[in-house]
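This report refers to the structure that appears directly beneath it.
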Amino acid sequence: MKRRRDQGHAGEIGESIRWLAEVVVRSEQARMETMREIERIRVEAEAKRGEMDLKRTEIIANTQLEIAKLFAKGSVDSS
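Numbered per the working numbering, the sequence shown finishes at 1022, counting up by one with no gaps.
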């Protein structure tokens, strides 16, 4: 009788361990998916930052060119 009861407890313990393992696996999968999503967002943000830096540089270069043209025109007119 005691042996049968011990086997029942062992089965319950085994079932509990399986359940815990499944919970841990699901939790780890969710964490990994979250990390992948965060990395994807980081890469997108970095690309966007690069685009913004390029646009800013372009605006500055165009502004400097326009200023240089104005100065060049001004020095020709005053001659």
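All C-beta atoms, glycine included, are put in the ideal place defined by N, C-alpha and C.
What number of angstroms, rounded off, separates the C-alpha of residue i from the C-alpha of residue j?
i     : j     : result
A990  : A1004 : 21 Å
M995  : K1012 : 26 Å
R999  : L963  : 53 Å
K1016 : I1002 : 21 Å
H952  : I981  : 43 Å
V966  : T1006 : 59 Å
E955  : A973  : 27 Å
Going along the chain, which residues of its own chain have a beta-carbon closer than 6 Å to the beta-carbon of residue i, five neighbours each way excluded?
i     : result
L1008 : none
Ordered along the chain, which non-local residues of its own chain (more than five positions away) have a Cβ less than 7 Å from that of residue i?
i     : result
M944  : With a pLDDT of 48 at M944, under the threshold of 50, the predicted position of this residue should be treated as unreliable, and no value is reported.
V986  : none
S1018 : none
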